[in-house]
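*Asks:* Below you'll find the structure I mean.
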């Protein structure tokens with residue numbers, strides 16, 4: 026029996042090694058394929074995983090070495106061995122050339138003068154159809170601010186880009202980014218640099234936008250569903266207060282989460298209309314922190330007076346900010362998505378270490 030297990034283990038290791046070796050050659054195959062077909066070099070940005078759950082269909086993301094703005098896909102098929110089946114370079118290049126013309130146009134320059142950087146990018150979900158799908162991207166400082174002047178700027182930007190694209194192209198997506206960076210000219214690099222923070226995306230809903238009123242309603246609907254505009258507003262408005270106590274939090278063993286893919290301080294709003302939002306005050310803040318792995322495990326195993334005292338001292342710091350922090354998430358550093366404590370707070374009711382202990386104990390009991 027032991028021999029059989031040993032043989033199985035050796036076979037498994039051999040297969041894993043073979044797959045790793047084969048996958049290391051895939052990048053070379055992709056580069057050779059593009060070099061032979063188009064006579065230029067590429068850098069491989071992303072590689073597909075084995076068995077993507079898409080019947081073996083997957084793709085490599087590559088960047089043209091001499092034109093970094095040109096990022097496209099090389100399609101493959103196969104669960105264990107990826108066979109190259111094609112690429113979308115010609116489509117991406119057509120949109121790239123169109124964007125070059127757009128950014129040389131007076132339309133682009135007029136938007137730029139208003140503080141809006143805009144560009145056309147290939148719409149990655151495009152299927153074989155009569156029109157070539159295009160993503161319209163608007164980048165503007167404070168692009169997600171909730172005010173009519175901003176809505177007007179964004180709507181004018183959308184209409185300017187719509188009017189520019191020829192009839193054989195179709196606007197399939199609008200992306201709005203709360204940032205200004207005129208060096209970026211494709212969606213991939215934009216996401217790579219800025220992440221999804223301060224980011225709105227609209228697809229088929231664009232067909233519903235016929236005037237500035239319908240555009241505002243679309244923004245309102247998206248915010249009601251994702252809260253992205255509210256989150257962005259209050260993060261910019263109040264996160265400096267958390268930064269002000271961050272050094273003291275660190276001394277207590279609590280660290281603000283720095284992952285760029287989400288806001289560590291979030292205003293939880295259920296408002297369905299812009300008129301229902303109080304932009305001066307958030308009634309329910311959620312703060313995400315992390316602690317060292319050992320601290321987290323020890324907290325779950327035993328609530329010592331020392332740990333309760335540190336937690337209570339952190340509560341006093343939150344009170345100093347004046348923010349209505351109603352939810353606290355304490356995650357384990359380098360832990361899985363399930364390694365966190367979810368604490369519901371009423372700061373005005375936590376006035377002693379015993380109160381703090383009860384809050385922690387309840388969260389730990391729910392975790393167990």
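Residue numbers (the working numbering): 26 to 393. Beta carbons: idealized from backbone N, C-alpha and C, even for Gly.
1. For residue 351, which residues of its own chain have a beta-carbon under 6 Å away from its beta-carbon, when the five flanking residues on both sides are left out?
2. With DSSP as the reference, label residue 47 as helix, strand or coil.
3. Distance check for residue 197 and residue 231, CA to CA, integer angstroms please.
4. Start and end of the beta strand (DSSP E) containing residue 83?
5. Write down every uninterrupted run of the alpha helix (DSSP H) in the segment 229-293 whose length is 4 residues or greater and which is fully enclosed by it, in chain order.
6. Report buried or exposed for residue 223, applying the criterion of at least 16 other Cβ atoms within 10 angstroms of its Cβ.
7. Buried or exposed for residue 256, please, with buried defined as at least 16 other CB atoms from any protein chain shown within 10 angstroms of its CB.
8. By Cβ distance below 8 Å, which residues in the same chain neighbour residue 378 in space, the five residues on each side in sequence not counted?
9. Exposed or buried, what is residue 182 when buried is set at 16 or more other beta-carbons lying within 10 Å of its beta-carbon?
10. For residue 128, I'd like the list of residues in its chain whose CB is within less than 8 Å of its CB, leaving aside the five on either flank, ordered along the chain.
11. Identify the continuous beta strand (DSSP E) that holds residue 196 and give its terminal residues.
12. Should residue 347 be labelled buried (16 or more other beta-carbon atoms within 10 Å of its own) or exposed?
13. Looking at residue 354 and residue 343, is the spacing between their C-beta atoms short of 7 Å?
14. If you follow the alpha helix (DSSP H) that residue 133 is in, where does it begin and where does it stop?
15. Have a look at 108, 248, 171, 178 and flag the residue whose alpha-carbon is nearest the alpha-carbon of residue 138.
16. For residue 56, tell me which candidate among 98, 83, 159, 82 has the shortest Cα-Cα distance.
17. Which residue wins for smallest C-alpha separation from residue 199, given the options 170, 149, 192?
18. In angstroms with no decimal places, state the Cα-to-Cα distance between residue 229 and residue 270.
19. If I measure Cβ to Cβ from residue 226 and keep anything under 6 Å in the same chain, skipping five residues before and after, which residues do I get?
20. Measure from the alpha carbon of residue 282 to the alpha carbon of each residue in 264, 297, 294, 293, then state which is nearest.
21. Determine the extent of the beta strand (DSSP E) in which residue 348 is found, giving its start and end residues.
22. Using only the alpha-carbon positions, how far apart do residue 359 and residue 279 sit?
23. Can you tell me which of 191, 62, 252, 107 puts its alpha carbon nearest to the alpha carbon of residue 301?
24. According to the Cβ coordinates, are residue 244 and residue 185 closer than 7 Å?
25. If you compare alpha carbons, which of 380, 192, 237, 294 is closest to residue 306?
26. On the criterion of 16 or more Cβ atoms from any shown chain inside 10 Å, does residue 107 qualify as buried, or is it exposed?
27. Given residue 78, which residues of its chain have a CB within under 7 Å of its CB, disregarding the five upstream and five downstream residues?
28. With DSSP run on the structure shown, which of helix, strand or coil describes residue 296?
29. Going along the chain, which residues of its own chain have a beta-carbon closer than 6 Å to the beta-carbon of residue 169, five neighbours each way excluded?
30. How should residue 96 be labelled, buried or exposed, when 16 other C-beta atoms within 10 angstroms of its C-beta is the threshold for buried?
31. Does the Cβ of residue 172 lie closer than 6 Å to at least one heavy atom of the ligand PLP?
*Replies:* If we stick to the structure as given:
1. 309, 370
2. Summary for residue 47: the model assigns pLDDT 49, below 50, so the residue's position carries little reliability; its value from the coordinates is reported in the next sentence. Residue 47: helix per DSSP, three-state reduction.
3. 8 Å
4. 82-89
5. 237-251, 253-276
6. buried
7. buried
8. 330, 333, 334, 337
9. buried
10. 144, 210
11. 194-202
12. exposed
13. no
14. 131-138
15. 178
16. 98
17. 149
18. 44 Å
19. 200
20. 264
21. Careful: residue 348 lies outside any beta strand (DSSP E) and carries neither H nor E.
22. 14 Å
23. 252
24. no
25. 294
26. buried
27. Because the pLDDT of residue 78 is 49, which lies under 50, any placement of that residue in the model is unreliable, and the number read from its coordinates should be weighed accordingly. So no residue of the chain qualifies.
28. coil
29. 203, 223, 254, 257
30. buried
31. Among the ligands in the structure shown, none appear at all, so the ligand PLP cannot be discussed.
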